[in-house]
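S.K.:
Protein chains: 2
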Amino acid sequence: MLEMVDLGKSLDKADYEKSYRAARDRLARLQRRIYEEHVPVLVVLEGWDAAGKGDAIEKLVGRLDPRGYRVHAIHAPTPEEALRPFLWRFWIRTPGHGEIAIFDRSWYHRVLVDRVEGDAPRRVWQQAYAEINAFERMLADDGTLLVKFWLHISAEEQKRRFKKLERSKFDRWRVTKEDWRAHRRYPAYLDAAEEMLERTSTAVAPWVVVEATDKYYRRLKVFEETARAMEAALAARKRAPLAPAHAPGPEARKAELRAAQRFHTALLDDVDLGRRMPVRRYHDELKKEQARLRKLEFACYERRRAVVVVYEGWDAAGKGGNIKRVIGALDPRGYAVLPIGAPHGDDATHHYLWRFWNRIPKAGHLAIFDRSWYGRVLVERVEGFCTEAEWRRAFHEINEFELSLTHFGTVLAKLWLHISKEEQLRRFRERQRLAFKRYKLTDEDWRNRKEWDLYRVAVADMIGNTSTSYAPWTIVEANDKGFARVKAMRTIAEAIERSLGEKRPPER
Amino acid sequence: MLEMVDLGKSLDKADYEKSYRAARDRLARLQRRIYEEHVPVLVVLEGWDAAGKGDAIEKLVGRLDPRGYRVHAIHAPTPEEALRPFLWRFWIRTPGHGEIAIFDRSWYHRVLVDRVEGDAPRRVWQQAYAEINAFERMLADDGTLLVKFWLHISAEEQKRRFKKLERSKFDRWRVTKEDWRAHRRYPAYLDAAEEMLERTSTAVAPWVVVEATDKYYRRLKVFEETARAMEAALAARKRAPLAPAHAPGPEARKAELRAAQRFHTALLDDVDLGRRMPVRRYHDELKKEQARLRKLEFACYERRRAVVVVYEGWDAAGKGGNIKRVIGALDPRGYAVLPIGAPHGDDATHHYLWRFWNRIPKAGHLAIFDRSWYGRVLVERVEGFCTEAEWRRAFHEINEFELSLTHFGTVLAKLWLHISKEEQLRRFRERQRLAFKRYKLTDEDWRNRKEWDLYRVAVADMIGNTSTSYAPWTIVEANDKGFARVKAMRTIAEAIERSLGEKRPPER
């Protein structure tokens, strides 16, 4: 629709100045309400070089409390950023509750510049559309307000502005050879922008096209549309708060889980917990698998593959000891073990996936998560720490998250350490008995144990809904620790070997 | 995750019979509540041939009131169905308020059979994923409960069942050569099913995999999961009704529209309403364009292209007279003019796009809509006949709808007939004066006229948000009727010519 944009729109200076003063105070008031109501706000400015993005942002923040906003100027990824999936640097910059994040250029870089300049092959920028829409939908579902502007000027206007900048002693440096090259490709960028607007204007994150020739008109439109969107978001939240007042209580929740038992645990019913490994064989295998993993760790480093290992399992299933064996022979510069507990601080004021985006390994490195994002559909579901709508949509969100990692070439191995209820009791008692193990056993463990059957439903639902071709779950029979350790190591090794054997290179 | 499904699950007969009797009554009670609460329910059964879909459906409807459900057995499209986009035959079968529609096979045909058998090229079934997800999301957003089952059996089990059927005198006919051929392709179908489950298990329409070896287990699982989904939907609706109780009143709505005036009407500000065509030239052009359209109508018929023309415009903008000229020289067997007013009956108890899916032209035919689905973002928005969330997401829904039509090769021409407020007044007065025109003018026209400025915002938002590369809007300057008619005809002709000139064949 860009051909329809009336680039002649303008505003006279007196009108602008009057309106701007009023609007500035209005936005400052709105910022306070955004803060009080804990709304995360994300403003994106995209558009042509020299269209006035920086200028619009300067005006936008004119009266805002600087503690409440952050402006992110996005350029080509740094070498450090290039070692992660392309959305990484944006996910970690998403605003927390009551914060405003303003992006001068954004994740749309990939479907504009990377596309037109040929830095990303077709497959990659096509995938990016789905990833971008999923990213924005997840944030919106979580309560984030998204406002996206496309600042539009004509090729002639761009040329005029470049020339004007070049005539100025102070601004000359701003116009680079790349800018002129991009200018000559205006028609190709126009097609890309048109397609981008079409494919990413969604119900939750629509684009606003700004006629950006006249600076007064442009500034005030960005201003007014931002304010209107904030007002609408505040009003909508008043009408339908995110946590519904009549959410089902713990009893109703547990009844629901109990009712689901019959048909939701089939996946776990026939796990053969009798599987064991004789001690001597265990020691032989352990050595062999550790050597294999060591080699693979190095291969991943050389080939710049990231590896994510997820450990989930019953309390006392032996996650800690299992992880110790995995890293036993690894070079500690190549991996990190990340224990995940209840979220606090920034982790609690952002989308629940934010903390995991912050912790994903860079290319060539290995991250082992001792518990993970799956807490959302396990403890948070069973204990009611999130709403039903939240854990239900989490299955899909998690699949999308893991697909993003996979697109980047990341290897995923997800292990569910499974033990019997009797075995857990035995281990709990042992922990009580042995002084050096006692610290491991808490009241919470006993509490969780009481809800074993409910957790069982959540576990089976989790495995059933998030075992995908690109990130499958492996159920590890863990009544015998030796068997479980070797199986875990083999699973990880095989996942890495399979990935290294694939023809398709990672997308970087 | 299909490799994880435990196909050994079973239930003993006594247990099943007791549970089934109780479940049957429970479902009958739920059907009444679904009816009272106006919830549309859509149940999909997919799975292997001979997995027991028909049997599960028979049990499912056991005690239901037959007036409240419809079972749709889906085979390959009929010749009549093949003349429309692939989702057409499913859209028109979606359930209305309080109805239950049960599909024995469904729109997933395209990503399973059409894909594996090579009846649809890769591009087409890849697009189908996006269309399917959009279809299901639109229904869910509108309040429809979706329950999707995949009935899973092993290749060996399928073979056993085919053989057993063949041994029976009565059932022999059920197993065809095609069934055996598909059986031999079990691994290819398995891959396709796996990908299908992954890509279409969304938050609003997740799949339930059913271990279908044992008939008792299979039947009861389908039963229980359907009942549980209905209960959850009824409970959720109680907590958050679709039309929020505190929706903004008409004054707030109008204030919102008024506030948007300044920056939302740019598209319409500089339309040159002075454009006219001298009468003699008009008559010459009219003849020429009519002949051109006649030829194109025939070309579309020959090449099996469907054409959709949308007329929207101000009251008294001349839509009727314009349409008359367009069809002036056409073969009446090739087109239909479809006047759209307020929805009644079935049109009002389905998704608002349902009535338009019901009316789209078949391949080779032309449909001219005098008003259209754009009512959602025009009159329904301004008059508050739908909620803000509804008209906001409609922009995206409409784009997806039109993209579905385009994928099928349908040509879209969308015309906004634009006149000035003064010209409208002149025409209203003329209608009052001339007895034979008086019937055209209603109180509603005067009422709408009072809200001119508010409608102007809605019109500009509509054009800005739904003008896409595949279905662009054309603003027709219509103060001069002759000019408007010729421009409309040319726009339609050019859209058809452009489409006929494209290399890519439609997807059938």
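For the protein sequence lines, the chains are A and U, in the order given.
Mind the numbering: the first sequence is residues 0 to 507 in numbering that gives the first Met the number 0, read in order.
Mind the numbering: the second sequence is residues 0 to 507 in numbering that gives the first Met the number 0, read in order.
For every residue, glycine included, the Cβ atom is placed at its ideal position computed from N, Cα and C.
1) For my contact list, L295 (chain U) and E496 (chain U) are in at a C-beta cut-off of 8 Å; report their separation, rounded to the angstrom.
2) What separation, rounded to the nearest whole angstrom, lies between the Cα atoms of H509 (chain A) and E311 (chain U)?
3) Going along the stretch 257-269 of chain A in order, which residues come within less than 8 Å of chain U, judged by CB to CB distance?
4) Give the straight-line distance between the Cα atoms of V456 (chain A) and A259 (chain A), rounded to the nearest whole angstrom.
5) Pull up the distance between the alpha-carbon of D452 (chain A) and that of R257 (chain A), whole angstroms please.
6) Going along chain A in order, which residues have a C-beta closer than 8 Å to the C-beta of R391 (chain U)?
7) Counting contacts by CB-CB distance shorter than 7 Å, is E197 (chain U) in contact with chain A?
8) With 16 as the cutoff for other CB atoms within 10 Å, does F169 (chain U) come out buried or exposed?
9) Return the bridge partner residues of R358 (chain U) from the DSSP annotation.
10) By DSSP, does Y15 (chain A) sit in helix, in strand, or in coil?
11) Please state the DSSP three-state secondary structure of V325 (chain A).
12) Start and end of the alpha helix (DSSP H) containing G513 (chain U)?
13) If you pair each beta-carbon of the stretch 121-130 of chain A with each one of the stretch 207-223 of chain A, do three or more pairs fall below 8 Å?
14) Would you please state the rounded distance, in angstroms, between the beta carbons of Y469 (chain U) and T405 (chain U)? I believe it to be under 8 Å.
15) Rounded to a whole number of angstroms, what is the C-alpha to C-alpha distance between R114 (chain U) and A50 (chain U)?
16) Nearest to H350 (chain U) by CA position, among U:F102, U:L411, U:R92, is which residue?
17) So, is the C-beta of R507 (chain A) closer than 7 Å to a C-beta in chain U?
18) Any idea what DSSP makes of V115 (chain A), helix, strand or coil?
19) Pull up the distance between the alpha-carbon of R507 (chain A) and that of L499 (chain A), whole angstroms please.
20) What is the rounded straight-line gap between the Cα of F384 (chain A) and the Cα of A341 (chain A)?
21) Where R391 (chain U) and F222 (chain A) are concerned, what is the direct C-alpha to C-alpha distance, given to the nearest angstrom?
22) Classify V378 (chain U) as helix, strand or coil using the three-state DSSP reduction.
23) In chain order, what residues of the stretch 35-53 of chain A put their CB closer than 9 Å to some CB of chain U?
24) Please classify Y107 (chain A) as buried or exposed, where buried requires at least 16 neighbouring CB atoms within 10 angstroms.
25) Where does K8 (chain U) fall in DSSP's three states?
26) Who pairs with V270 (chain U) in a beta bridge, going by DSSP?
27) Would you give the residue range spanned by the alpha helix (DSSP H) that L292 (chain U) belongs to?
28) Can you tell me which of U:K158, U:E197, U:M195 puts its alpha carbon nearest to the alpha carbon of A181 (chain U)?
29) Determine, for S468 (chain U), whether the minimum Cβ-Cβ distance to residues of chain A falls below 7 Å.
30) Assuming contact is defined by CB atoms lying nearer than 7 Å, are R261 (chain U) and A55 (chain U) in contact in what I supplied?
31) Which residues mark the beginning and the end of the alpha helix (DSSP H) in which A456 (chain U) is found?
32) Which chain U residues are close to N346 (chain A), counting only those with a beta carbon under 9 Å from its beta carbon?
33) Excluding the 5 residues preceding and the 5 following H337 (chain A) in the sequence, name in chain order all residues of the same chain whose CB lies nearer than 8 Å to its CB.
34) I'd like the ranges of any beta strand (DSSP E) spanning at least 3 consecutive residues and lying wholly in the stretch 375-451 of chain A.
35) Under 9 Å Cβ-Cβ, which residues of chain A neighbour R3 (chain U)?
M.R.: Put simply:
1) Start at 1 with the first residue of the second sequence, and residue 295 (chain U) comes out as number 296. Start at 1 with the first residue of the second sequence, and residue 496 (chain U) comes out as number 497. Contact holds; Cβ gap of about 7 Å.
2) Because chain A spans 0 through 507 in this model, residue 509 (chain A) falls outside it and cannot be assessed.
3) A258, A259, R261, F262, A265, L266, D268, D269
4) In the first sequence, counting from the first residue as 1, residue 456 (chain A) sits at position 457. In the first sequence, counting from the first residue as 1, residue 259 (chain A) sits at position 260. V456 (chain A) and A259 (chain A): Cα-Cα distance of roughly 7 Å.
5) Here residue 452 (chain A) corresponds to residue number 453 of the first sequence, with the count starting at 1. Here residue 257 (chain A) corresponds to residue number 258 of the first sequence, with the count starting at 1. Distance between the alpha carbons of D452 (chain A) and R257 (chain A): 8 Å.
6) Working through the second sequence from its first residue, we reach residue 391 (chain U) at position 392. Correct list: A202, P205.
7) Here residue 197 (chain U) corresponds to residue number 198 of the second sequence, with the count starting at 1. Chain A contact via Cβ: present.
8) Position 170 of the second sequence holds residue 169 (chain U). The residue is exposed, with fewer than 16 neighbouring Cβ atoms inside 10 Å.
9) Numbered from its first residue, the second sequence carries residue 358 (chain U) at position 359. The partner list for R358 (chain U) (beta bridge, DSSP) is empty, contrary to what the question assumes.
10) Residue numbering aside, residue 15 (chain A) sits at position 16 when the first sequence is read from its first letter. Helix, per DSSP.
11) Your numbering for residue 325 (chain A) matches position 326 in the first sequence. Helix, per DSSP.
12) Lying outside 0 to 507, the shown extent of chain U, residue 513 (chain U) is not represented and no answer is given.
13) no
14) Counted from its first residue, the second sequence places residue 469 (chain U) at position 470. Counted from its first residue, the second sequence places residue 405 (chain U) at position 406. Rounded, the Cβ-Cβ distance is 4 Å, consistent with contact.
15) Position 115 of the second sequence, counted from the first residue, corresponds to residue 114 (chain U). Position 51 of the second sequence, counted from the first residue, corresponds to residue 50 (chain U). Between R114 (chain U) and A50 (chain U), the C-alpha separation is close to 20 Å.
16) Position 351 of the second sequence, counted from the first residue, corresponds to residue 350 (chain U). Closest option to H350 (chain U), Cα to Cα, is U:R92.
17) To locate residue 507 (chain A), count along the first sequence from 1; it is residue 508. Legend: pLDDT at R507 (chain A) = 48, less than 50; position of this residue unreliable, no value from coordinates given.
18) Residue mapping note: residue 115 (chain A) aligns to position 116 of the first sequence, counting from 1. Three-state DSSP puts V115 (chain A) in a helix.
19) If you number the first sequence from 1, residue 507 (chain A) lands on position 508. If you number the first sequence from 1, residue 499 (chain A) lands on position 500. Reliability of the predicted coordinates at R507 (chain A) is poor, the pLDDT of 48 falling under 50, and no value is obtained from them.
20) The count along the first sequence starts at 1 and reaches residue 384 (chain A) at position 385. The count along the first sequence starts at 1 and reaches residue 341 (chain A) at position 342. Using only the alpha carbons, I get a separation of about 10 Å.
21) Taking the second sequence and counting its residues from 1, one reaches residue 391 (chain U) at position 392. Taking the first sequence and counting its residues from 1, one reaches residue 222 (chain A) at position 223. Cα-Cα distance, rounded: 21 Å.
22) Within the second sequence, residue 378 (chain U) is the residue found at index 379, counting from 1. It is helical.
23) none
24) Here residue 107 (chain A) corresponds to residue number 108 of the first sequence, with the count starting at 1. Under this definition Y107 (chain A) is a buried residue.
25) Here the question's residue 8 (chain U) lines up with position 9 in the second sequence. It is coil, neither helix nor strand.
26) The residue you call residue 270 (chain U) lines up with position 271 of the second sequence. None, per the DSSP bridge assignment.
27) Against the second sequence, residue 292 (chain U) aligns to sequence position 293. Counting along the chain, the alpha helix (DSSP H) containing L292 (chain U) begins and ends at 278-302.
28) Along the second sequence, one-based indexing puts residue 181 (chain U) at 182. Cα-wise, what sits closest to A181 (chain U) is U:K158.
29) Here residue 468 (chain U) refers to the residue found at position 469 of the second sequence. For S468 (chain U), the answer is yes, since a Cβ of chain A falls inside 7 Å of its Cβ.
30) By 1-based counting over the second sequence, the position of residue 261 (chain U) is 262. By 1-based counting over the second sequence, the position of residue 55 (chain U) is 56. Against a cut-off of 7 Å, the Cβ pair of A55 (chain U) and R261 (chain U) comes out as no contact.
31) In the second sequence, counting from the first residue as 1, residue 456 (chain U) sits at position 457. Before going further, note that residue 456 (chain U) is Val rather than Ala in the sequence given. Taken as a continuous stretch (DSSP letters only), the alpha helix (DSSP H) holding V456 (chain U) covers 451-465.
32) Locating residue 346 (chain A) in the first sequence gives position 347, where the first residue counts as 1. In the sequence as presented, Asn is not what sits at residue 346 (chain A); that position holds Asp. None at all; the shortest Cβ gap to chain U is about 23 Å.
33) For the purposes of this step, residue 337 (chain A) is taken as residue 338 along the first sequence, with counting starting at 1. Per the sequence shown, the amino acid found at residue 337 (chain A) is Leu instead of His. Counting only Cβ-Cβ distances below 8 Å, and skipping sequence neighbours, we find R358, A366, I367, F368, D369.
34) 410-417
35) Taking the second sequence and counting its residues from 1, one reaches residue 3 (chain U) at position 4. The residue you asked about is not Arg; residue 3 (chain U) is Met in the sequence shown. In chain order: L266, I462, G463, S466, P471, W472, I474.
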